[in-house]
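Scroll down for the structure; my scribbles are underneath it.
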Amino acid sequence: LSLEKAKSFLERALNLNQTYVEAVVSLVEVYNQLKQQNKSVELLKEHLQTNNDPRLKQLLVENLMKSGHSEEVLQQVVKSFQGSDLSSPTLKAHIERIEKEMSEDTNGMDNGFDSSRFDGINMDEMDQMRDDVMNYTFSDDDI
5 LSLEKAKSFL ERALNLNQTY VEAVVSLVEV YNQLKQQNKS VELLKEHLQT
55 NNDPRLKQLL VENLMKSGHS EEVLQQVVKS FQGSDLSSPT LKAHIERIEK
105 EMSEDTNGMD NGFDSSRFDG INMDEMDQMR DDVMNYTFSD DDI
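This is the structure we're talking about:
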């Protein structure tokens with residue numbers, strides 16, 4: 005089954021039954037595979053107006069993060085947890101994870117590597133550090 009056919013079937017299924025959450029989840033996945041992130045976000049927002057399913061909320065946050073809508077992600081997270089016990093360790097961990105992911109997206113680094121600690125270091129020192137780490141002496145010809 006091609007992605008286009010799957011998309012067509014799932015869209016028809018949702019036209020027949022707007023409350024079919026599994027079809028929404030599957031259609032979001034198809035849209036994502038077709039690189040149609042905005043359609044995923046629109047579909048999820050539309051269905052969250054009438055359906056409070058936590059899977060749809062989570063998918064919306066994930067899709068907003070993928071498409072770089074950091075401000076909207078925060079709004080959705082706050083909206084999702086309104087009325088919740090904000091001192092809950094689970095909630096705190098969830099928010100910290102989202103903040104970390106957003107920070108990584110903003111910095112353009114996903115590995116937490118801080119290159120600023122090497123500012124001002126002599127390149128000869130870097131070569132020695134590399135050799136120590138690799139336990140192998142490279143020459144400039146190797147590079």
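In terms of the working numbering, the sequence shown opens at residue 5 and continues consecutively. Note that CB positions come from ideal geometry on N, CA and C, so glycine has one too. Computed from a prediction, not measured in an experiment: that's the story for all the values here.
Inter-residue Cα distance where the pair is residue 61 and residue 51: 10 Å
Cβ-Cβ separation, residue 7 to residue 29 (assumed contact under 8 Å), whole Å: About 15 Å separates the two Cβ atoms, so there is no contact after all.
Short Cβ contact (7 Å threshold) for residue 18 with residue 10: no
Every unbroken alpha helix (DSSP H) inside the stretch 27 to 57 [4 residues or more]: 41 to 52
Nearest-angstrom Cα separation, counted from residue 43 out to residue 37: 12 Å
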